[in-house]
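> No gaps in the numbering here: position 19 of the sequence shown is 19 in UniProt numbering, and each next residue is one more.
Glycine is no exception: its CB is placed at the ideal position from the N, C-alpha and C atoms.
Please read these numbers as outputs of a predicted model, since none were measured by experiment.
If you scroll down you'll find the structure; I have some questions about it.
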Amino acid sequence: MDRTVLERFPAGGPRGHWPAEEYAGARREEGVPARVVMDLASDAFLVVVEQRAPERTREPEAAPVRE
């Protein structure tokens, strides 16, 4: 599964104000399945969209040729 980062927000925002959640909520209202995750390495909240990798379909095997 791949993730696309739509936006980054610093973790030290004002108390009681959650800009990452507000941004993700606005995207969800637009039909985008956005969610918020925490990136501990950069101390930031990321708004991401998870995308499934396209499934590979197996090509049907050819029937044996009889002569």
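Suppose you measure from the CA of residue 45 to the CA of residue 14; what does that come to, to the nearest Å?
Position 45 of the sequence shown, counted from the start, is the residue given in the question as residue 45. Position 14 of the sequence shown, counted from the start, is the residue given in the question as residue 14. Cα to Cα, the separation comes out at about 14 angstroms.
> Determine the direct distance from the alpha carbon of residue 35 to that of residue 26, and round the result to whole angstroms.
Walking along the sequence shown from the start, residue 26 turns up at place 26. Walking along the sequence shown from the start, residue 35 turns up at place 35. Approximately 11 angstroms, taken between the alpha carbons.
> Within 10 angstroms of its Cβ, does residue 24 collect 16 or more other Cβ (buried), or is it exposed?
Here residue 24 refers to the residue found at position 24 of the sequence shown. When all chains shown are included, residue 24 counts as buried.
> Secondary structure at residue 44, three-state DSSP: helix, strand or coil?
The residue labelled residue 44 in the question sits at position 44 within the sequence shown. Residue state, collapsed to three classes: strand.
> For residue 39, which residues in the same chain have their Cβ closer than 6 angstroms to its Cβ, ignoring the five residues on either side in sequence?
As a first step, residue 39 must be located in the sequence shown, where it is residue number 39. Closer than 6 angstroms at the Cβ level, and outside the excluded window around residue 39, lie 46.
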